[in-house]
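Presented below is the structure to which this report refers.
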Amino acid sequence: MEIIPVDDHITAIDHDLLGIPGVGVCYLVRGETCALIETGTAPTVPQTLTGLAQLGIRREEIEHIICTHVHMDHAGGAGHLAAALPRAHVYIHSMSIEHLADPIRLMSSVRRAVGDEAWPLHGDVKPIPIERLRPAEHLHLDLGRGVILEAIATPGHSPDHLSYWDRKSGGLFIGDAAGLVMDHWDLAFPVTPVPTYNLQAHRDTITMLRSQSIPRIYVTHHGPHDDVDFQLGRAQERLDELVHLVDRALADGDSDIPALAARYVPYPNNGPAALVARSWSQMSVAGMIRYEAKRRQG
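If you count by the working numbering, then the sequence shown holds residues 118 to 415, one letter each, in order.
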(Lines of atoms letter the chains of each structure in order from A and count residues from 1; the text may use other names and numbers.)
(Lines give C-alpha, C1' and ligand atoms only; values in the text may rest on other atoms or scores of the structure.)
Protein backbone atom coordinates (compact mmCIF):
# COMPACT_ATOMS: atom_id res chain seq x y z
CA MET A 1 0.00 0.00 0.00
CA GLU A 2 1.26 3.48 -0.86
CA ILE A 3 -0.11 6.92 -0.09
CA ILE A 4 0.24 9.27 -3.09
CA PRO A 5 -0.36 12.96 -2.25
CA VAL A 6 -2.03 14.84 -5.11
CA ASP A 7 -3.08 18.23 -3.74
CA ASP A 8 -4.62 19.75 -0.62
CA HIS A 9 -7.93 17.89 -0.92
CA ILE A 10 -7.15 14.77 -3.00
CA THR A 11 -4.97 11.80 -2.05
CA ALA A 12 -4.50 8.57 -3.99
CA ILE A 13 -4.16 5.24 -2.19
CA ASP A 14 -2.40 2.49 -4.14
CA HIS A 15 -4.06 -0.64 -2.77
CA ASP A 16 -2.01 -3.28 -4.64
CA LEU A 17 -4.73 -4.30 -7.08
CA LEU A 18 -4.22 -7.92 -8.21
CA GLY A 19 -1.44 -8.09 -5.64
CA ILE A 20 0.78 -5.70 -7.62
CA PRO A 21 1.76 -2.11 -6.74
CA GLY A 22 1.32 0.47 -9.47
CA VAL A 23 -1.83 -1.11 -10.93
CA GLY A 24 -4.79 0.49 -9.17
CA VAL A 25 -5.69 3.35 -6.87
CA CYS A 26 -8.70 4.78 -5.14
CA TYR A 27 -8.95 8.50 -4.47
CA LEU A 28 -9.81 10.16 -1.17
CA VAL A 29 -11.50 13.53 -1.74
CA ARG A 30 -11.82 15.77 1.31
CA GLY A 31 -14.12 18.71 1.98
CA GLU A 32 -16.13 19.09 5.15
CA THR A 33 -17.12 15.49 4.43
CA CYS A 34 -15.12 12.84 2.57
CA ALA A 35 -15.68 10.78 -0.56
CA LEU A 36 -13.82 7.73 -1.82
CA ILE A 37 -13.72 7.39 -5.61
CA GLU A 38 -13.27 3.81 -6.89
CA THR A 39 -13.09 0.79 -4.61
CA GLY A 40 -10.75 -1.75 -6.15
CA THR A 41 -11.59 -5.42 -5.69
CA ALA A 42 -12.53 -7.03 -2.39
CA PRO A 43 -8.91 -8.11 -1.64
CA THR A 44 -7.77 -4.46 -1.83
CA VAL A 45 -10.17 -3.25 0.87
CA PRO A 46 -7.83 -3.90 3.86
CA GLN A 47 -5.10 -1.83 2.19
CA THR A 48 -7.55 0.99 1.48
CA LEU A 49 -8.72 1.02 5.09
CA THR A 50 -5.10 1.01 6.26
CA GLY A 51 -4.41 3.96 3.99
CA LEU A 52 -7.35 5.90 5.39
CA ALA A 53 -6.15 5.20 8.93
CA GLN A 54 -2.63 6.38 8.08
CA LEU A 55 -4.14 9.59 6.71
CA GLY A 56 -5.99 10.12 9.98
CA ILE A 57 -9.42 9.62 8.43
CA ARG A 58 -11.97 8.07 10.76
CA ARG A 59 -14.27 5.57 9.09
CA GLU A 60 -17.31 7.65 10.04
CA GLU A 61 -15.94 10.57 7.99
CA ILE A 62 -16.40 8.73 4.68
CA GLU A 63 -19.97 9.50 3.59
CA HIS A 64 -19.70 8.71 -0.12
CA ILE A 65 -18.26 5.77 -2.08
CA ILE A 66 -18.31 6.63 -5.79
CA CYS A 67 -17.71 4.15 -8.63
CA THR A 68 -17.00 5.01 -12.26
CA HIS A 69 -18.54 1.75 -13.46
CA VAL A 70 -19.50 -1.71 -12.30
CA HIS A 71 -16.40 -3.76 -13.25
CA MET A 72 -14.92 -5.51 -10.24
CA ASP A 73 -11.62 -3.62 -10.23
CA HIS A 74 -13.65 -0.41 -9.80
CA ALA A 75 -16.72 -1.47 -7.80
CA GLY A 76 -16.01 -5.00 -6.58
CA GLY A 77 -14.86 -3.78 -3.18
CA ALA A 78 -17.86 -1.49 -2.68
CA GLY A 79 -19.84 -3.89 -0.51
CA HIS A 80 -16.93 -4.64 1.80
CA LEU A 81 -16.09 -0.94 2.06
CA ALA A 82 -19.72 -0.08 2.76
CA ALA A 83 -19.74 -2.61 5.59
CA ALA A 84 -16.62 -0.99 7.06
CA LEU A 85 -17.72 2.62 6.47
CA PRO A 86 -21.10 2.77 8.19
CA ARG A 87 -22.17 6.27 7.08
CA ALA A 88 -21.30 5.87 3.40
CA HIS A 89 -23.72 5.58 0.51
CA VAL A 90 -22.51 3.96 -2.71
CA TYR A 91 -22.96 5.77 -6.02
CA ILE A 92 -22.98 4.10 -9.45
CA HIS A 93 -24.91 4.48 -12.70
CA SER A 94 -28.54 3.46 -12.21
CA MET A 95 -28.24 0.71 -14.84
CA SER A 96 -25.73 -1.05 -12.58
CA ILE A 97 -27.31 -0.63 -9.15
CA GLU A 98 -28.95 -4.06 -9.37
CA HIS A 99 -25.54 -5.70 -9.91
CA LEU A 100 -24.22 -4.34 -6.62
CA ALA A 101 -27.39 -5.31 -4.77
CA ASP A 102 -27.29 -8.83 -6.23
CA PRO A 103 -23.83 -9.46 -7.72
CA ILE A 104 -24.16 -13.06 -8.93
CA ARG A 105 -24.43 -12.17 -12.64
CA LEU A 106 -21.68 -9.55 -12.31
CA MET A 107 -19.22 -12.07 -10.90
CA SER A 108 -20.02 -14.59 -13.62
CA SER A 109 -19.51 -11.97 -16.34
CA VAL A 110 -16.22 -10.74 -14.89
CA ARG A 111 -14.89 -14.28 -14.57
CA ARG A 112 -15.50 -14.86 -18.29
CA ALA A 113 -13.90 -11.52 -19.18
CA VAL A 114 -10.70 -11.67 -17.12
CA GLY A 115 -9.96 -15.38 -17.58
CA ASP A 116 -9.06 -18.17 -15.20
CA GLU A 117 -5.54 -16.90 -14.46
CA ALA A 118 -6.59 -13.50 -13.08
CA TRP A 119 -9.99 -14.44 -11.67
CA PRO A 120 -8.80 -15.76 -8.25
CA LEU A 121 -7.24 -12.35 -7.52
CA HIS A 122 -10.59 -10.56 -7.86
CA GLY A 123 -12.19 -11.99 -4.73
CA ASP A 124 -15.92 -11.82 -4.17
CA VAL A 125 -18.55 -9.07 -4.32
CA LYS A 126 -20.49 -8.43 -1.13
CA PRO A 127 -24.13 -7.45 -1.77
CA ILE A 128 -25.05 -3.91 -0.75
CA PRO A 129 -28.43 -3.14 0.82
CA ILE A 130 -30.49 -1.30 -1.78
CA GLU A 131 -31.15 1.61 0.59
CA ARG A 132 -27.43 2.42 0.59
CA LEU A 133 -27.16 2.58 -3.21
CA ARG A 134 -27.61 5.85 -5.13
CA PRO A 135 -27.78 6.59 -8.89
CA ALA A 136 -24.74 8.58 -9.99
CA GLU A 137 -25.41 9.75 -13.55
CA HIS A 138 -26.75 13.15 -12.38
CA LEU A 139 -24.47 13.43 -9.38
CA HIS A 140 -23.74 16.93 -8.05
CA LEU A 141 -22.11 16.38 -4.69
CA ASP A 142 -21.03 19.33 -2.54
CA LEU A 143 -18.50 18.13 0.02
CA GLY A 144 -17.96 21.62 1.43
CA ARG A 145 -14.88 23.90 1.36
CA GLY A 146 -15.40 24.49 -2.35
CA VAL A 147 -15.09 20.79 -3.22
CA ILE A 148 -17.83 19.75 -5.65
CA LEU A 149 -18.00 16.50 -7.64
CA GLU A 150 -20.13 16.26 -10.78
CA ALA A 151 -20.78 13.24 -12.99
CA ILE A 152 -20.28 13.19 -16.75
CA ALA A 153 -21.18 10.29 -19.06
CA THR A 154 -18.09 8.68 -20.63
CA PRO A 155 -19.38 5.44 -22.21
CA GLY A 156 -17.50 3.05 -24.46
CA HIS A 157 -15.39 0.96 -22.14
CA SER A 158 -18.77 0.07 -20.64
CA PRO A 159 -22.23 1.57 -21.16
CA ASP A 160 -22.50 2.61 -17.50
CA HIS A 161 -19.13 4.38 -17.42
CA LEU A 162 -19.13 7.75 -15.67
CA SER A 163 -16.32 10.16 -14.91
CA TYR A 164 -16.39 12.80 -12.19
CA TRP A 165 -15.32 16.42 -12.39
CA ASP A 166 -13.55 17.85 -9.38
CA ARG A 167 -14.66 21.45 -9.72
CA LYS A 168 -12.04 22.75 -7.29
CA SER A 169 -9.04 21.54 -9.31
CA GLY A 170 -10.76 21.25 -12.69
CA GLY A 171 -9.49 17.69 -12.93
CA LEU A 172 -11.46 14.62 -13.94
CA PHE A 173 -11.63 11.23 -12.26
CA ILE A 174 -11.61 9.29 -15.49
CA GLY A 175 -11.88 5.62 -14.54
CA ASP A 176 -11.09 3.54 -17.64
CA ALA A 177 -12.15 6.12 -20.24
CA ALA A 178 -8.50 6.58 -21.30
CA GLY A 179 -7.46 3.02 -20.52
CA LEU A 180 -4.31 2.07 -18.63
CA VAL A 181 -1.63 4.65 -17.91
CA MET A 182 0.75 2.57 -15.80
CA ASP A 183 4.00 4.50 -16.07
CA HIS A 184 5.62 2.34 -13.40
CA TRP A 185 5.22 -0.76 -15.57
CA ASP A 186 5.47 0.91 -18.99
CA LEU A 187 1.94 -0.18 -19.90
CA ALA A 188 -0.49 2.11 -21.71
CA PHE A 189 -3.42 0.88 -23.76
CA PRO A 190 -7.21 1.13 -23.80
CA VAL A 191 -9.15 -1.74 -22.29
CA THR A 192 -12.03 -2.94 -24.49
CA PRO A 193 -13.70 -5.77 -22.58
CA VAL A 194 -16.48 -8.20 -23.35
CA PRO A 195 -19.43 -8.22 -23.31
CA THR A 196 -20.58 -4.59 -23.65
CA TYR A 197 -17.66 -2.68 -25.20
CA ASN A 198 -18.69 -0.07 -27.81
CA LEU A 199 -15.98 1.32 -30.10
CA GLN A 200 -17.96 4.24 -31.50
CA ALA A 201 -19.02 5.38 -28.04
CA HIS A 202 -15.42 5.08 -26.84
CA ARG A 203 -14.12 7.16 -29.73
CA ASP A 204 -16.79 9.79 -29.12
CA THR A 205 -15.86 9.91 -25.43
CA ILE A 206 -12.16 10.44 -26.13
CA THR A 207 -12.97 13.15 -28.70
CA MET A 208 -15.26 14.89 -26.22
CA LEU A 209 -12.67 14.74 -23.45
CA ARG A 210 -9.95 16.16 -25.71
CA SER A 211 -12.20 19.17 -26.37
CA GLN A 212 -12.56 20.00 -22.66
CA SER A 213 -9.13 21.50 -21.81
CA ILE A 214 -8.83 19.31 -18.72
CA PRO A 215 -5.79 20.23 -16.60
CA ARG A 216 -5.45 16.83 -14.92
CA ILE A 217 -6.90 13.34 -15.16
CA TYR A 218 -7.08 11.05 -12.15
CA VAL A 219 -6.62 7.62 -13.71
CA THR A 220 -7.67 4.51 -11.81
CA HIS A 221 -4.89 2.48 -13.47
CA HIS A 222 -2.83 4.42 -12.40
CA GLY A 223 -2.56 7.79 -10.70
CA PRO A 224 -2.85 11.50 -11.57
CA HIS A 225 -1.53 12.78 -14.90
CA ASP A 226 -1.19 16.40 -16.04
CA ASP A 227 -0.18 15.60 -19.65
CA VAL A 228 -3.84 15.12 -20.49
CA ASP A 229 -3.88 15.67 -24.24
CA PHE A 230 -0.89 13.37 -24.70
CA GLN A 231 -2.55 10.61 -22.70
CA LEU A 232 -5.88 10.93 -24.50
CA GLY A 233 -4.14 11.12 -27.87
CA ARG A 234 -2.10 8.02 -27.09
CA ALA A 235 -5.26 6.21 -26.01
CA GLN A 236 -6.83 7.04 -29.38
CA GLU A 237 -3.73 5.87 -31.26
CA ARG A 238 -3.58 2.61 -29.33
CA LEU A 239 -7.28 2.10 -29.94
CA ASP A 240 -6.72 2.53 -33.67
CA GLU A 241 -3.87 0.00 -33.51
CA LEU A 242 -6.19 -2.52 -31.87
CA VAL A 243 -8.91 -1.93 -34.47
CA HIS A 244 -6.38 -2.52 -37.27
CA LEU A 245 -5.09 -5.69 -35.60
CA VAL A 246 -8.62 -7.07 -35.21
CA ASP A 247 -9.60 -6.09 -38.76
CA ARG A 248 -6.66 -8.11 -40.09
CA ALA A 249 -7.41 -11.02 -37.79
CA LEU A 250 -11.04 -11.20 -38.90
CA ALA A 251 -10.02 -10.97 -42.55
CA ASP A 252 -7.49 -13.78 -42.09
CA GLY A 253 -9.75 -15.96 -39.94
CA ASP A 254 -7.25 -15.66 -37.09
CA SER A 255 -8.94 -16.35 -33.74
CA ASP A 256 -5.82 -16.96 -31.61
CA ILE A 257 -6.57 -14.36 -28.94
CA PRO A 258 -3.44 -14.93 -26.80
CA ALA A 259 -1.18 -14.58 -29.85
CA LEU A 260 -3.00 -11.47 -31.07
CA ALA A 261 -2.83 -9.93 -27.60
CA ALA A 262 0.91 -10.61 -27.39
CA ARG A 263 1.36 -8.70 -30.65
CA TYR A 264 -0.77 -5.82 -29.38
CA VAL A 265 0.92 -5.60 -25.96
CA PRO A 266 4.33 -7.28 -26.09
CA TYR A 267 5.54 -7.74 -22.51
CA PRO A 268 8.06 -10.14 -20.96
CA ASN A 269 6.34 -13.19 -19.49
CA ASN A 270 8.53 -12.89 -16.40
CA GLY A 271 7.91 -9.15 -16.01
CA PRO A 272 6.41 -8.00 -12.69
CA ALA A 273 3.19 -6.82 -14.36
CA ALA A 274 2.99 -9.70 -16.83
CA LEU A 275 -0.34 -10.87 -15.45
CA VAL A 276 -1.91 -7.45 -16.06
CA ALA A 277 -0.43 -7.16 -19.55
CA ARG A 278 -1.49 -10.67 -20.51
CA SER A 279 -4.96 -10.74 -18.94
CA TRP A 280 -6.11 -7.26 -19.89
CA SER A 281 -4.70 -7.32 -23.42
CA GLN A 282 -6.41 -10.66 -24.09
CA MET A 283 -9.63 -9.25 -22.64
CA SER A 284 -9.29 -6.24 -24.94
CA VAL A 285 -8.67 -8.27 -28.08
CA ALA A 286 -11.61 -10.53 -27.27
CA GLY A 287 -13.86 -7.55 -26.63
CA MET A 288 -12.90 -5.82 -29.87
CA ILE A 289 -13.36 -9.02 -31.88
CA ARG A 290 -16.81 -9.48 -30.38
CA TYR A 291 -17.75 -5.86 -31.07
CA GLU A 292 -16.55 -5.96 -34.68
CA ALA A 293 -18.14 -9.33 -35.40
CA LYS A 294 -21.51 -8.14 -34.09
CA ARG A 295 -21.25 -4.85 -35.98
CA ARG A 296 -20.54 -6.62 -39.25
CA GLN A 297 -23.47 -8.95 -38.75
CA GLY A 298 -25.72 -5.90 -38.51
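Don't be surprised by glycine CBs; every beta carbon is placed ideally from N, CA and C.
If you reduce the DSSP assignment to three classes, tell me which class residue i lands in.
| i | result |
| --- | --- |
| Glu149 | coil |
| Leu267 | Going by the sequence as given, residue 267 is Glu instead of Leu. DSSP places Glu267 in strand when its eight states are reduced to three. |
| Ser330 | coil |
| Ile453 | In the structure displayed, the chain extends from 118 to 415; residue 453 sits before or after that span and is not available. |
| Pro276 | coil |
| Ala200 | helix |
| Asp233 | helix |
| Asp321 | helix |
Between which two residues does the alpha helix (DSSP H) containing residue i stretch?
| i | result |
| --- | --- |
| Arg351 | 345-369 |
| Ile406 | 391-414 |
| Leu258 | No alpha helix (DSSP H) contains Leu258, which is instead part of the beta strand (DSSP E) from 257-261. |
| Arg380 | 374-381 |
Can you say whether residue i is buried or exposed, counting buried as having 16 or more other CB atoms within 10 angstroms of its CB?
| i | result |
| --- | --- |
| His278 | buried |
| His188 | buried |
| Ile247 | exposed |
| Glu155 | buried |
| Gln317 | exposed |
| Arg303 | Checking the sequence, you will find Asp at residue 303 rather than Arg. With fewer than 16 other Cβ atoms within 10 Å, it is exposed. |
Tell me, please, which residues DSSP counts as bridged to residue i.
| i | result |
| --- | --- |
| Cys184 | DSSP, once it has assigned bridges, lists no residue as partnering Cys184. |
| Pro341 | Tyr335 |
| Leu135 | Partner(s): none; Leu135 has no beta bridge. |
| Thr161 | According to DSSP, Thr161 bridges with nothing at all. |
| Val142 | Asp131 |
| Ala305 | Val298 |
| Asp125 | According to DSSP, which records beta bridges pairwise, Asp125 is partnered with nothing at all. |
Between which two residues does the beta strand (DSSP E) holding residue i run?
| i | result |
| --- | --- |
| Asp190 | From DSSP, Asp190 is part of no beta strand (DSSP E) but of the alpha helix (DSSP H) over 189-192. |
| Ser291 | Sequence check: residue 291 is Ile here, not Ser. Residues 289-292. |
| Glu215 | Not the beta strand (DSSP E): Glu215 falls in the alpha helix (DSSP H), residues 214-218. |
| Ile121 | 119-122 |
| Pro252 | 250-252 |
* Okay, do the segment 134-148 and the segment 260-269 touch, 3+ Cβ pairs below 8 Å being the bar? -> Contact between the segment 134-148 and the segment 260-269 is present, because at least three Cβ pairs lie under 8 Å.
* Evaluate contact between the segment 342-362 and the segment 284-302, counting only Cβ atoms and requiring at least three cross-stretch pairs below 8 Å. => yes
* Three CB pairs or more closer than 8 Å across the segment 325-338 and the segment 374-381 -> Because the criterion of three Cβ pairs below 8 Å is not met, the segment 325-338 and the segment 374-381 do not touch.
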